[in-house]
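Every position in the sequence shown, counted from 1, becomes a number in my numbering once 30 is added.
Just so you know, even glycine gets a beta-carbon here, dropped at the ideal spot from N, CA and C.
Single-structure report; data block below.
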Amino acid sequence: MKSAAQSQATWNPDSWREKLCGQQPRYADGEGLERAKRALSELPPLVTSFEIERLRKLLAEAQQGKRFLLQGGDCAERIADCQSEPVAQRLKILLQMSLVLTHGLRCPVVRVGRFAGQYAKPRSSATETRDVGGRKQTLPSYFGDLVNRVEFTAEAREPKPDHMLECYYHSALTLNFVRALAEGGFTDLRELDRWDLPFLTAAGLTPERRAEYQRMTQNLADGLSMVHSLGGVTSKDPNQAVVFSSHEGLHLDFEQSLSRPVPGRTGCYDLSTHFPWIGDRTRDLDGAHVEFFRGIRNPIAVKLGPTATRGEVVDLARALNPNDEAGRLTFITRLGADRVSDHLPAWIDAMKGHPVLWVCDPMHGNTSTTSSGFKTRPFEAIAQEFERTLAVHESTGSYLGGLHVEVTPADVTECIGGTAGPIESTLQTRYQTTCDPRLNYQQALELAFRLAHHVQDGR
Ligand code: PEP
Ligand code: CO
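Structure (structure tokens):
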């Protein structure tokens, strides 16, 4: 095997093309693909290296236990949701969750959205078959708005290179609005004091728990009104007002077209997002995604599911962070509540002495399909995966530094449970996701309160 230094020397922006590359669209329109790539590579970047370096520093502090990362948003972002209300609401839910966590964990929270570019989806099957007018029809699966469209027609499911440009523009519009809201004071909490917490009055919450949550909400409200009376000063920490973007770095032609050298800095930055991650399906050590991202300067996350071995975890760290740079590497574990203790202790042990940020994604390992065909996730398993992950980190002297969730501010019925959430038979009421089931607004806040409470209880 080549040493890290040797392989680093052989990296170039095209070197991934010699590797096996899963989950990429096959465009019939080859000329259109070249045109779209050229156009993207000439357009301005979506984020800057300054912002990326700022995030790297925050992630390095999170690795040391001084901060906590909250990363959340839709499973599949939709171009149709690039509207003022949905964007503002997505920001609001992230900020409210982060307030609850800051309060419970007694630690500043770094907020990263799964938005402004979360448009590409890996799929377990390349095709989808449906019954259309009594006849079976098979079409390409929906791979996210970056690639094709969700409607079940041959025209919509055909991958089109121009979708990349459309997603670029909508990412830019989203980022523009998020930045403006952040700068204009939205993140200084004035807009956030209208907490809408119907789960607090729902049946199913024990009186003790309700009183506890109500006390936490009251404390938060008091804190916010004190902030107001101090003239809107939110925090001594200017980083508290910043929101970063992230997405799965899946579509490598797209990522490469927005990756560039930056004057005055060494190396090549992926300027499509602050914080790309490699998904559980595409983290092969010899695959194209690891090859591409090992040469990119951004902080990188990798999702680790139950099939990852201890050896793979070590090799991934060696490939992606050969010099043990602080803030560079994040591992997002997504095992399923029942499998946390089977795998996580060995991974933590393997990484001892190397800087890594451990984040828990309690969503993707807890997915099941109901008898009527709805993909869902139980709230209880989601909360338990986080709590068990936290317990393993604490018992091994490690630090769990983040939570990665799929959430939407909309009142959807996709995940089962929580005190006021849907049950299996009511999932169809407002089941709207085009990919994985998301926590709705109430469930997301309830999760934040529960985790904050759990951490406080353990102290
Ligand atoms: C996702 O985050 O939507 C996803 C596909 O995750 P994973 O790679 O962990 O399966
Ligand atoms: Co998902």
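| Item | Value |
| --- | --- |
| Any contact of the region 201-217 with the region 134-152, i.e. 3+ C-beta pairs under 8 Å? | yes |
| Expressed to the nearest angstrom, what Euclidean distance is found between the alpha-carbon atoms of T419 and R480? | 15 Å |
| Residues around ligand 2, please: the condition is that the C-beta lies closer than 5 Å to some non-hydrogen atom of it. | C105 and D466 |
| Take N351 and list the residues in its own chain whose beta-carbon comes closer than 7 Å to its own, dropping the five residues that flank it on each side. | R358 and L359 |
| Roughly how many whole angstroms lie between the Cα atoms of H319 and T464? | 24 Å |
| What are the partner residues of H434, as DSSP defines its beta bridges? | Q101 |
| Return yes when at least one heavy atom of ligand 1 lies under 7 Å from the C-beta of D310, else no. | yes |
| Less than 8 Å between the beta carbons of G488 and A92, yes or no? | no |
| Under a Cβ-count criterion, where at least 16 other Cβ atoms within 10 Å of its own Cβ denotes burial, should P439 be classed as buried or exposed? | buried |
| Any heavy atom of ligand 1 closer than 7 Å to the Cβ of E278? | yes |
| Going residue by residue through the region 88-152, where are the continuous beta strand (DSSP E) segments of at least 3 residues, counting only ones entirely within it? | 98-103 and 139-143 |
| Mind the definition here: the region 284-301 touches the region 69-86 only if three or more C-beta pairs lie below 8 Å; say whether that holds. | yes |
| Give the secondary structure of V332 by DSSP, where H, G and I count as helix, E and B as strand, and everything else as coil. | strand |
| Check whether the Cβ of H394 sits closer than 7 Å to any heavy atom of ligand 1, and report yes or no. | yes |
| Based on Cα-Cα distance, which residue from R209, T312 and V130 lies nearest to M246? | V130 |
| Smallest Cα separation from G383: which of E355, P392 and A110? | E355 |
| Taking the alpha carbon of F134 as the point to measure from, which residue in P170, D175, L230 and L250 has its own alpha carbon closest? | Going by the sequence as given, residue 134 is Gly instead of Phe. The candidate whose alpha carbon is nearest that of G134 is L250. |
| Less than 8 Å between C-beta atoms, sequence neighbours within five positions excluded: which residues of the same chain meet that for A482? | V130, L131, H133, G134, L135 and M246 |
| Three or more C-beta pairs under 8 Å: does that hold for the region 309-318 against the region 74-91? | no |
| Flag this pair as touching only if the region 148-156 and the region 442-454 have three or more C-beta atom pairs under 8 Å; answer yes or no. | no |
| Any heavy atom of ligand 1 inside 7 Å of the beta-carbon of R295? | no |
| Within its chain, find whatever has a CB closer than 8 Å to the CB of G325; leave out the 5 residues flanking it on each side and keep chain order. | Q38, W41, N42, P43, S45, G297 and C298 |
| Among the residues of its own chain, which have a CB less than 6 Å from the CB of G539, if the five just before and after it don't count? | Lying outside 31 to 489, the shown extent of the chain, residue 539 is not represented and no answer is given. |
| Which partner residues of E64 appear in the DSSP bridge assignment? | Beta-bridge pairing links E64 to no other residue. |
| Expressed to the nearest angstrom, what Euclidean distance is found between the alpha-carbon atoms of R108 and D192? | 15 Å |
| Measuring only from the beta carbon, is G341 closer than 7 Å to any heavy atom that is part of ligand 1? | no |
| Run the CB neighbour count on T183, radius 10 Å, all protein chains shown included, and call it buried at 16 or more, exposed below. | exposed |
| How long is the line joining the alpha carbons of F404 and Q458, rounded to whole angstroms? | 8 Å |
| Just the Cα atoms here: how many angstroms apart are A106 and D466? | 8 Å |
| Is the closest heavy atom of ligand 1 to the C-beta of D192 under 7 Å? | no |
| Do you know how far the Cα of S428 is from the Cα of N353? | 21 Å |
| Look up G214 in the DSSP assignment and say whether it is helix, strand or coil. | coil |
| Count the other CB atoms within 10 Å of the CB of E64; is the residue buried (16 or more) or exposed (fewer)? | exposed |
| Can you give me the start and stop residues for the alpha helix (DSSP H) that S289 sits inside? | Segment S289 to P291 is the beta strand (DSSP E) holding S289; no alpha helix (DSSP H) there. |
| In three-state terms, what does DSSP make of H277? | strand |
| For K266, which residues in the same chain have their Cβ closer than 8 Å to its Cβ, ignoring the five residues on either side in sequence? | Summary for K266: the model assigns pLDDT 46, below 50, so the residue's position carries little reliability, and this model does not support an answer. |
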